[in-house]
Every structure is written in C-alpha cells, then in structure tokens.
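Once you know that position 108 of the sequence shown is 101 in the numbering used here, the rest is easy, because the numbers rise by one and skip nothing. Glycine included, each C-beta is placed from N, C-alpha and C at the ideal position. Contents: one structure, followed by commentary.
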Amino acid sequence: MTHPYRFLGDGDSPASTDLDSSDIARCAWLRCLSSTSAAAASQPPPLALSKANKGLKKKILRSLPTLTYTQESAAKFSDCAICLAEFSDGEEIRALPQCGHAFHVACIDKWLGSHSSCPSCRRILASTAGL
C-alpha cells in the first residue's frame, strides 16, 4: 500500500492525521457558504434596480439646468469628464443638480439618453417613478 504522505517530505506521516467532527462540520459550512454567495453573485439584479439606470425621458432631460461657462466658473468647473475637453468661454454646460458635476450639454444629453446616473460618480439622478 502506498502512503498518502510520501510525496510531502521524508515519507513520515504527520503526527495528527485525525479529523474530528468539528473540523468536518466547519469545512462543510465554509463550502456551503461559498457556494451560496457564488449563486447570489450570479443572480440578476432586482427589476427595480435594473430599470433604474436605463436613461432619462426627454422631458426630464430638458428640465435639467444649463449654464454658460465663464472664467468665473472655472474654479468650480474645468473640464468635461465624458469627452475630456476643457470648457471654454461661452460654451453651454449642464451641471447635474444631485451631485454638481458639469459636462458639455451635447455630451451629457447623449449619456443620459441611455443612463440615468452621473458618469463621474454614478449617482442615480431620478427615481424610477419619474422614468
């Protein structure tokens, strides 16, 4: 008969090879826990959450305020995180009311047509009731 420990070193088996029932129970519990969390991770998100980020209606989009960029607003807003271009004087920008992040109107309108969250901080901009 081949010793199961012959490949682990000098051929001698470890001093304590006995497993008690608490070791077996702990191993079974950990296995069950890991398979449960893996199954939960593969579940699709609840319907309310999946619909929450599908884009804003045009009516809501038009209600968001726009600003004209000036040098005075340079301290608060500097560039568009969508196209990565700096704002220049006279450009129309849209500052999102929930988080205060600002973007070019064309950039953010295109984004909000398919998402209802801020592209910088991912904060949801409207409740599902308003969508």
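C-alpha distance - Ser56 paired with Ala88, whole-angstrom precision: Here the question's residue 56 lines up with position 63 in the sequence shown. Here the question's residue 88 lines up with position 95 in the sequence shown. Taking the straight line joining both Cα atoms gives about 12 angstroms.
Taking the alpha helix (DSSP H) that Ile53 falls in, what are its first and last residues? Position 60 of the sequence shown, counting from 1, holds the residue named residue 53. Taken as a continuous stretch (DSSP letters only), the alpha helix (DSSP H) holding Ile53 covers Lys51 to Ser56.
Taking only the alpha-carbon atoms, compute the straight-line gap between Asp16 and Ser109 and give it to the nearest angstrom. Mapped onto the sequence shown, residue 16 falls at position 23. Mapped onto the sequence shown, residue 109 falls at position 116. Approximately 49 angstroms, taken between the alpha carbons.
Please list, in chain order, all residues of the same chain as Ala78 whose beta carbon is under 8 angstroms from its beta carbon, the five residues on each side excluded. Counting from one through the sequence shown, the residue named residue 78 turns up at place 85. For Ala78, where only same-chain residues beyond five positions count, the Cβ hits under 8 angstroms are Asp72 and His97.
From Gly48, Cys25, Arg19 and Leu118, pick the residue whose C-alpha is nearest to that of His94; which is it? In the sequence shown, counting from the first residue as 1, residue 94 sits at position 101. Considering only alpha carbons, the answer is Leu118.
For Pro97, the residue or residues it bridges with in DSSP: Taking the first residue of the sequence shown as position 1, residue 97 is located at position 104. What sits at residue 97 in the sequence shown is His, not Pro. DSSP lists Ile86 as partners of His97.
Between which two residues does the beta strand (DSSP E) carrying Thr59 extend? Locating residue 59 in the sequence shown gives position 66, counting from the first residue. Annotation for Thr59: the continuous beta strand (DSSP E) segment containing it runs Thr59 to Thr61.
Please classify Cys25 as buried or exposed, where buried requires at least 16 other C-beta atoms within 10 Å of its C-beta. Your numbering for residue 25 matches position 32 in the sequence shown. Exposed, since its Cβ has fewer than 16 Cβ neighbours within 10 Å.
Leaving aside the five residues before and after Arg115 along the sequence, list all residues of the same chain whose C-beta is less than 7 angstroms from its C-beta, in chain order. Reading the sequence shown from its first residue, position 122 is the one you call residue 115. Correct list: empty, nothing qualifies.
Suppose the cutoff is 8 angstroms on Cβ atoms and the five residues either side in sequence are ignored; what does the same chain contact list for Ala67 look like? Against the sequence shown, residue 67 aligns to sequence position 74. Excluding sequence neighbours, Ala67 sits near Phe80.
Based on the DSSP secondary-structure assignment, which residues constitute the bridge partners of Asp72? Working through the sequence shown from its first residue, we reach residue 72 at position 79. Looking at the DSSP assignment, Asp72 forms a beta bridge with Glu79.
What do you reckon, are the CB atoms on Gly83 and Thr59 nearer than 8 angstroms? Residue 83 sits at position 90 when you count from the first residue of the sequence shown. Residue 59 sits at position 66 when you count from the first residue of the sequence shown. Cβ atoms of Gly83 and Thr59: not closer than 8 angstroms.
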